[in-house]
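**Q** Each protein sequence line maps, in turn, to chains A and B. For the first sequence, the numbering used here gives the first residue as 115, with consecutive numbering after it. For the second sequence, the numbering used here gives the first residue as 163, with consecutive numbering after it. Pasting a structure here, questions to come.
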Amino acid sequence: MDYAAELLNRVVAGYADRMRIGLHVCRGNWSKREDVLITGDYQPLVACFQKMNVRQFVLEYATPRSGELEVVGRRMSDREIGLGCVNPRTDFAEPATEIVARCQEALEYWRPEQIFLNPDCGFGCFANRCVNVEQVAFEKLCMMVEAAQIMRTRLG
Amino acid sequence: MSFQVTQVGSWPRSERLLSALREKRMGRLPDEDFQRLADEEIRRCLELQIKAGVDVVVDGELRRDNFYSFLADKVSGTRLMSLAEMLDTVEDKAAFEEMLQTLDAPAFAIRNPTCVGKLERREPLAVDDLRFVRSLTDKPVKVTLPGPYLLTRAMWVTAHTQNVYGDKPVMADDVVRILREELEDLAAENVDFVQFDEPVLTEVVHSIDNKRRTFM
Chain A
115 MDYAAELLNR VVAGYADRMR IGLHVCRGNW SKREDVLITG DYQPLVACFQ
165 KMNVRQFVLE YATPRSGELE VVGRRMSDRE IGLGCVNPRT DFAEPATEIV
215 ARCQEALEYW RPEQIFLNPD CGFGCFANRC VNVEQVAFEK LCMMVEAAQI
265 MRTRLG
Chain B
163 MSFQVTQVGS WPRSERLLSA LREKRMGRLP DEDFQRLADE EIRRCLELQI
213 KAGVDVVVDG ELRRDNFYSF LADKVSGTRL MSLAEMLDTV EDKAAFEEML
263 QTLDAPAFAI RNPTCVGKLE RREPLAVDDL RFVRSLTDKP VKVTLPGPYL
313 LTRAMWVTAH TQNVYGDKPV MADDVVRILR EELEDLAAEN VDFVQFDEPV
363 LTEVVHSIDN KRRTFM
């Protein structure tokens, strides 16, 4: 695991201050079957994350597979979080209220400007097997935007 | 700004784009024709993001076959291999196939940029994509790149790579160099956001107990 951090740090050395660098870590996005995708929270990776010279961690939090926000939140509040808040593999868009609830939870560990909203992963990582269709992907984007507006209004 | 909305990278491919990707791979569609079609698809992908109101846009990775195999187009010393080709070099074929089935893995869909020679960045990996998106919008752009750990694990296929590099860390030095060359070019463009993808990181940690290892 340390090797992953070492490689990444060698890549970004000298660049981390010149651009926003993020790291996306997910447990597979190749199937719509939740049972075959990898389950577990990010606990085993937090020590490795802490060694990495990146500003933002883009993580999956839209399904129960990923465990609690607290695992990363308690130890990584000095970084930004790319909060995975919609599942790229389902056929309906999560309601904005659900995303807002996730944002509220994230506020326990991060300031509003440290929180970015994104899907758990891409909508079509492998060209021949896109996990979603354009219309659903668009609706999910709309719901995230609506949730962000609600949060901004709420926090003034 | 708080709660900036963005994406992780890839956008669903249309039937038209999928067939063009396939034709290009087979050498039946000239690159410039493919790029023209991809330009149109990316333009629509951008319009949808702007209509939805996202804050940081992506190009949807629509020019890419998958989020790391596209390197085979840009980096010399690589060869795009199907899982079937890689299977030839796997010792326990039955176990490998069973694992793919268990995972519901899209064996037909995954191609790997296997290292078969000295790795050199022949052309930029994402700079042109960034420039194109910037020609369409003033919004900040997120550029996605495969992470060095993913690439080191994926590109090294012992039967093909060992006689070139001898040892995995030696190849990793070149992976690091290529990604740094890319960051240098992206920095010159004043890129807003670069995201590295490391899906294997969790795969490694969570699969230790399961004694399984995926193709990535």
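Even glycine gets a Cβ: it sits at the ideal position worked out from N, Cα and C. None of the values given here were measured: they were computed from a predicted structure.
#1: With a floor of 4 residues, list each alpha helix (DSSP H) that falls wholly inside the stretch 269-339 of chain B, ordered by position along the chain.
#2: Going along chain A in order, which residues have a C-beta closer than 7 Å to the C-beta of Ala349(B)?
#3: I need the straight-line Cα distance from Pro275(B) to Leu233(B), nearest angstrom please.
#4: Let me see if you follow: with CB-CB separation under 8 Å, is Met258(A) close to chain B or not?
#5: Using C-beta distances below 8 Å, list every residue in its chain close to Pro310(B), excluding the 5 sequence neighbours before and after it, in chain order.
#6: Which residues in chain A have a C-beta closer than 7 Å to the C-beta of Val338(B)? List them in chain order.
#7: Starting from Thr240(B), follow the beta strand (DSSP E) in both directions and report where the run begins and ends.
#8: Output yes if chain B places a C-beta closer than 8 Å to the C-beta of Gly281(A); else output no.
#9: Which first and last residues belong to the beta strand (DSSP E) in which Gly196(A) is found?
#10: For Lys254(A) and Asp235(B), what's the separation of their Cα atoms in angstroms?
#11: Answer with buried or exposed for Gly196(A), where buried requires no fewer than 16 other C-beta atoms within 10 angstroms of its C-beta.
#12: Quick one: using the 10 Å Cβ neighbour count with 16 as the cut-off for buried, is Gln218(A) buried or exposed?
#13: Where do the ends of the alpha helix (DSSP H) carrying Asn123(A) lie?
#14: For the stretch 225-238 of chain A and the stretch 177-187 of chain B, state whether three or more C-beta atom pairs, one from each stretch, are separated by less than 8 Å.
#15: Less than 8 Å between the beta carbons of Val172(A) and Met257(A), yes or no?
#16: Using CA coordinates, which residue listed in Arg178(B), Arg273(B), Glu285(B) and Ala321(B) is at the minimum distance from Ala246(B)?
#17: According to DSSP, what are the bridge partners of Arg134(A)?
#18: Using DSSP with H/G/I as helix, E/B as strand and the rest coil, what is Leu224(B)?
#19: List the residues of chain A whose Cβ lies closer than 9 Å to the Cβ of Phe358(B), in chain order.
#20: With which residues is Ile229(A) paired in a DSSP beta bridge?
#21: Take the Cβ of Phe377(B) as the centre, count every other Cβ of all protein chains shown within 10 Å, and call the residue buried at 16 or more, exposed below.
#22: Exposed or buried, Glu202(B), counting other C-beta atoms within 10 Å across all chains shown (16 or more means buried)?
#23: Under 8 Å between the Cβ atoms of Gly236(A) and Ser172(B)?
#24: Can you pull the DSSP bridge partners for Val160(A)?
#25: Assess, as a yes-or-no matter, whether the stretch 201-208 of chain A is touched by the stretch 154-162 of chain A under the definition of 3 or more beta carbon pairs within less than 8 Å.
#26: Taking the continuous beta strand (DSSP E) assigned at Val214(A), which residues delimit it?
#27: 8 Å is my cut-off, CB to CB: does Ile195(A) come that close to chain B?
#28: Alpha carbon to alpha carbon, how far is Pro308(B) from Glu222(A)? Give it in angstroms, no decimals.
#29: On the criterion of 16 or more Cβ atoms from any shown chain inside 10 Å, does Asn325(B) qualify as buried, or is it exposed?
#30: Any idea if Asn352(B) is buried or exposed, counting beta-carbon neighbours within 10 angstroms, 16 or more meaning buried?
#31: Bridge partners of Gln170(A), per DSSP?
#32: Counting along the chain, where does the alpha helix (DSSP H) carrying Gln249(A) start and finish?
#33: To the nearest angstrom, how far is it from the Cα of Glu174(A) to the Cα of Thr168(B)?
#34: Kindly list, in the order they appear in chain A, the residues whose Cβ is closer than 7 Å to that of Ser172(B).
#35: Please report how far the alpha carbon of Met163(B) lies from the alpha carbon of Pro174(B), in whole angstroms.
#36: Whole angstroms are fine: how far does the CA of Glu343(B) sit from the CA of Glu381(B)?
**A** Let me spell this out:
#1: DSSP runs (the alpha helix (DSSP H)) wholly in the stretch 269-339 of chain B: 289-298, 310-317 and 320-327.
#2: Tyr129, Arg132 and Met133
#3: 7 Å
#4: yes
#5: Ala334, Val337, Val338, Leu341 and Phe358
#6: Leu121, Arg124 and Val125
#7: Thr240(B): member of the beta strand (DSSP E) spanning Val237 to Ser244, first to last residue.
#8: No statement about residue 281(A) is possible, as the shown extent of chain A runs from 115 to 270 and does not include it.
#9: Glu194 to Val200
#10: In a straight line, the C-alpha of Lys254(A) is about 32 Å away from that of Asp235(B).
#11: buried
#12: exposed
#13: Asp116 to Val126
#14: no
#15: no
#16: Arg273(B)
#17: Phe355(B)
#18: coil
#19: Leu122, Val125, Val126, Ile135, Gly136, Leu137, His138 and Val168
#20: According to DSSP, residue pairing for Ile229(A) in a beta bridge involves Ile195(A).
#21: Any reading at Phe377(B) needs caution, since the residue's pLDDT is 40, under 50, leaving its predicted position unreliable; the model's value is listed next. Phe377(B) comes out buried.
#22: exposed
#23: yes
#24: BP columns for Val160(A) are empty, so no partner.
#25: no
#26: Judged by DSSP secondary structure, Val214(A) falls outside any beta strand (DSSP E) and instead within the alpha helix (DSSP H) spanning Ala210 to Ala220.
#27: Answer no: the Cβ-Cβ gap between Ile195(A) and chain B never drops below 8 Å.
#28: 31 Å
#29: exposed
#30: Of the residues assessed, Asn352(B) falls on the exposed side of the cut-off, its CB having fewer than 16 other CB atoms within 10 angstroms.
#31: Gly136(A) and Glu194(A)
#32: Glu248 to Leu269
#33: 14 Å
#34: Gly236, Phe237, Gly238 and Cys239
#35: 28 Å
#36: There is no way to answer for residue 381(B), as the model of chain B reaches only from 163 to 378.
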